[in-house]
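Heads up, the thing below is written out as structure tokens.
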Amino acid sequence: MSHPIYKPTQLALLLCSGILLTSLVACSTAPTANKPAPAAPTSTQNGYSSTSALVNPSVIAQPELLMQRLSWGINPSSAQVLKAIGPAAYVQQQLQLAPMTGPGMPKAIQDQIAAMQISQKDMVTIAMELEQMRQANDDANAKEESRKAYREQLNRLDKESQSRAILRAIYSPQQLQEQMCWFWFNHFNVFQGKANIRAMLGDYEDKAIRPHALGHFRELLDATSHHPAMLRYLDNEQNAINHPNENYAREIMELHSMGVDGGYTQRDVQELARILTGVGFNMKNDGPPKLGQFQDQYVRRGLFEFNPRRHDYGTKVFLGHTIKGRGLGELNEALDILATHPSTAHFVSKKLAMFFVSDTPSTALVDSMAQTYLATNGDIKAILLTMFNSDEFAKSLGHQFKDPQHYVFSSLRLAYDDRAILNTGPVINWLSRLGQPRYGKLTPDGYSLSSSAWDSPGQMTTRFEIAKTIGNGSAGLFKSDSGNEVAGFPKLSNALYFDYWQKSLSANTLKTLDQANSPQEWNTLLLASPEMMNR
Numbered sequence: 000m001s002h003p004i005y006k007p008t009q010l011a012l013l014l015c016s017g018i019l020l021t022s023l024v025a026c027s028t029a030p031t032a033n034k035p036a037p038a039a040p041t042s043t044q045n046g047y048s049s050t051s052a053l054v055n056p057s058v059i060a061q062p063e064l065l066m067q068r069l070s071w072g073i074n075p076s077s078a079q080v081l082k083a084i085g086p087a088a089y090v091q092q093q094l095q096l097a098p099m100t101g102p103g104m105p106k107a108i109q110d111q112i113a114a115m116q117i118s119q120k121d122m123v124t125i126a127m128e129l130e131q132m133r134q135a136n137d138d139a140n141a142k143e144e145s146r147k148a149y150r151e152q153l154n155r156l157d158k159e160s161q162s163r164a165i166l167r168a169i170y171s172p173q174q175l176q177e178q179m180c181w182f183w184f185n186h187f188n189v190f191q192g193k194a195n196i197r198a199m200l201g202d203y204e205d206k207a208i209r210p211h212a213l214g215h216f217r218e219l220l221d222a223t224s225h226h227p228a229m230l231r232y233l234d235n236e237q238n239a240i241n242h243p244n245e246n247y248a249r250e251i252m253e254l255h256s257m258g259v260d261g262g263y264t265q266r267d268v269q270e271l272a273r274i275l276t277g278v279g280f281n282m283k284n285d286g287p288p289k290l291g292q293f294q295d296q297y298v299r300r301g302l303f304e305f306n307p308r309r310h311d312y313g314t315k316v317f318l319g320h321t322i323k324g325r326g327l328g329e330l331n332e333a334l335d336i337l338a339t340h341p342s343t344a345h346f347v348s349k350k351l352a353m354f355f356v357s358d359t360p361s362t363a364l365v366d367s368m369a370q371t372y373l374a375t376n377g378d379i380k381a382i383l384l385t386m387f388n389s390d391e392f393a394k395s396l397g398h399q400f401k402d403p404q405h406y407v408f409s410s411l412r413l414a415y416d417d418r419a420i421l422n423t424g425p426v427i428n429w430l431s432r433l434g435q436p437r438y439g440k441l442t443p444d445g446y447s448l449s450s451s452a453w454d455s456p457g458q459m460t461t462r463f464e465i466a467k468t469i470g471n472g473s474a475g476l477f478k479s480d481s482g483n484e485v486a487g488f489p490k491l492s493n494a495l496y497f498d499y500w501q502k503s504l505s506a507n508t509l510k511t512l513d514q515a516n517s518p519q520e521w522n523t524l525l526l527a528s529p530e531m532m533n534r
């Protein structure tokens, strides 16, 4: 997401605040930092090759910018850890290749998450209880009441899932994992507004995405293809012999693995749809059906169900491979083929490079990452390290435009460090206003990784308004359920500012900050500065 800093026309729209127009417009012509990035090493074309450690000196020489890129934003506590252990060790810890240093997630945040229904009950229990609520229609009045209760419970589950993800993003010391959880959720997107998917959201992210976010890509393909949230979202519950539904099969190939230009044909989509027949879920709390000769083929794990009576047992030819009809095992064979395909290696590598480097990563970088993918059977840690050690990654640090979630989360991390917010409602609202609500993307392609999707004048105006709300301490983030609110004024003129931010800000931004008339204005201008829009 490489992006220039504010354009004058965009900054003019921020004038609704009436703050220092002249200085802000001057800021639009300044570089994003006083000092250029270190010169790239010349030992190889694409940096220092390593899939086990960070070794590129041009990356190591930019520790704070590296943290900005790998995390949801630098804050005082994480900066102290970085200073103590150094960038190479920081990367090892973020990749979970070494034990973590420093404090864990604040206990107050852990307690908030533990109190959520999605943390206390498993998905099967939640979904079954909701199904009973939906069916509670004994009379007209009870029917309407049950519908209302059903909707309210779905909305509560959605808010809990969003809140848990937001709290983890802001406070977890495993910042790279939190970014990867979001990246993979967006890659394997499901929409919360369809049917009862809100009952499955928390489990989908926690069980299908999170455990594999830094694992192997094949694990993600497997976990998402067996989760009822995905199967419901892409209609595979309707896919049966003599009544095929190709929706999920098409999206697995186009969006999840090979990419639209991956070299597959419509015939391959049809064959994969045949392989997927009978793969669905069951919302009934009953025993296995009587299936006669197919009884031993039946599979039920939680809500997931493979019903052999709905499966096409004919032989399939998928991407040139002959797959004999044998039930659910066909899907595992198809996923193996997809996960090891060169097109998948290239497609996944390019998306990772777009997320972490720029809108248009070079062919050389993507090819290098794809080679690592194929050599390591899709080891995500190794692929990331290949990218982190590239010269292209080093040159991009500090120049990648933030999408809405990166902007909001980085602002909150900078403003409040480890201080526990009590109310995520404003954060949920900000993300919605910025067009990137968590779990709110209707279509399976997920939110755009391109900066052009997030740099409109309206976006800049809204970001400024959010910066002002946070900078004034008036966001309501510290309002408890009882209605009591603790003062939430952030102190951004702190050690981190003088150790890092002041050195990285342009002369025009520093001049603008010097003209602030109050601490509130100063906070707002820092959070709305051109440098805060990049990572």
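Per numbering that gives the first Met the number 0, residue 0 is the first one in the sequence shown, and the count goes up by one each step. Every residue gets a Cβ at the ideal spot worked out from N, C-alpha and C, and that includes glycine.
Cα separation between residue i and residue j?
| i | j | result |
| --- | --- | --- |
| A39 | N55 | Residue confidence for A39 is low, a pLDDT of 35 falling below 50, so the modelled location carries little weight; the figure read from the coordinates is stated next. Whole-angstrom Cα-Cα distance: 9 Å. |
| M199 | M122 | 6 Å |
| T359 | Q191 | 30 Å |
| S455 | S449 | 12 Å |
| Q176 | T223 | 18 Å |
| E539 | I379 | Only positions 0 to 534 of the chain appear in the structure, and residue 539 is not among them; the question remains open. |
| N188 | F354 | 15 Å |
| P172 | M104 | 6 Å |
| T375 | A381 | 7 Å |
| R534 | Y89 | 17 Å |
| T100 | D417 | 15 Å |
| E484 | I73 | 26 Å |
| G258 | L233 | 17 Å |
| L230 | W181 | 20 Å |
| F488 | G472 | 4 Å |
| D444 | T343 | 16 Å |
| S528 | T423 | 24 Å |
| Q514 | T523 | 12 Å |
| A168 | Q174 | 7 Å |
| E250 | T508 | 45 Å |
Cα-Cα, which of the options is closest to residue i?
| i | options | result |
| --- | --- | --- |
| L275 | L327, G258, G261 | L327 |
| A494 | Q79, S70, Q67 | Q79 |
| K283 | P102, E128, W500, Q93 | E128 |
| L290 | E218, R309, M229, N388 | R309 |
| A135 | R146, Y446, C180 | R146 |
| Y247 | H255, Q92, N241 | H255 |
| Q292 | W181, F280, N306 | N306 |
| K394 | S48, V58, L53 | V58 |
| T264 | G319, Q93, S77, P62 | G319 |
| T339 | A452, K401, T371 | T371 |
| Q131 | A148, I117, Q296 | A148 |
| G434 | R273, G457, A414, A419 | G457 |
Look at residue i and residue j and say whether their C-beta atoms are less than 8 Å apart.
| i | j | result |
| --- | --- | --- |
| H345 | V365 | yes |
| N235 | V278 | yes |
| L396 | K478 | no |
| L64 | Q111 | no |
| L525 | M531 | yes |
| R197 | D157 | yes |
| I336 | S410 | no |
| R462 | Y496 | no |
| S536 | L384 | Any question about residue 536 goes unanswered here, given that the chain covers just 0 to 534. |
| H215 | G439 | no |
| R163 | M115 | yes |
| L220 | L334 | yes |
| S77 | M66 | yes |
| N388 | L94 | no |
| G475 | P425 | yes |
Per DSSP, residue i forms a beta bridge with which residues?
| i | result |
| --- | --- |
| N533 | F400 |
| H215 | D378 |
| G301 | In DSSP, G301 forms no bridge with anything. |
| F497 | DSSP, once it has assigned bridges, lists no residue as partnering F497. |
| V278 | F305 |
Assign residue i to one of two classes, buried (16 or more other C-beta atoms within 10 Å of its C-beta) or exposed (fewer than that).
| i | result |
| --- | --- |
| Q119 | exposed |
| G482 | exposed |
| N154 | exposed |
| S22 | Residue placement at S22 is poorly supported in this model, since its pLDDT is 39, which falls under 50; the coordinates are not used for a value here. |
| Q44 | With a pLDDT of 47 at Q44, under the threshold of 50, the modelled position of this residue cannot be trusted; read the value that follows with caution. Looking at its Cβ environment, which holds fewer than 16 other Cβ atoms inside 10 Å, Q44 is exposed. |
| H398 | buried |
| A486 | exposed |
| A369 | buried |
| T442 | exposed |
| Q178 | buried |
| G17 | Here the model assigns G17 a pLDDT of 45, short of 50, so the residue's position is not dependable, and the following value carries that caveat. Under this definition G17 is an exposed residue. |
| P210 | exposed |
For residue i, is the beta carbon positioned less than 7 Å from some heavy atom of the ligand FAD?
| i | result |
| --- | --- |
| P436 | Absent from the structure shown: the ligand FAD. Ligands present: none. |
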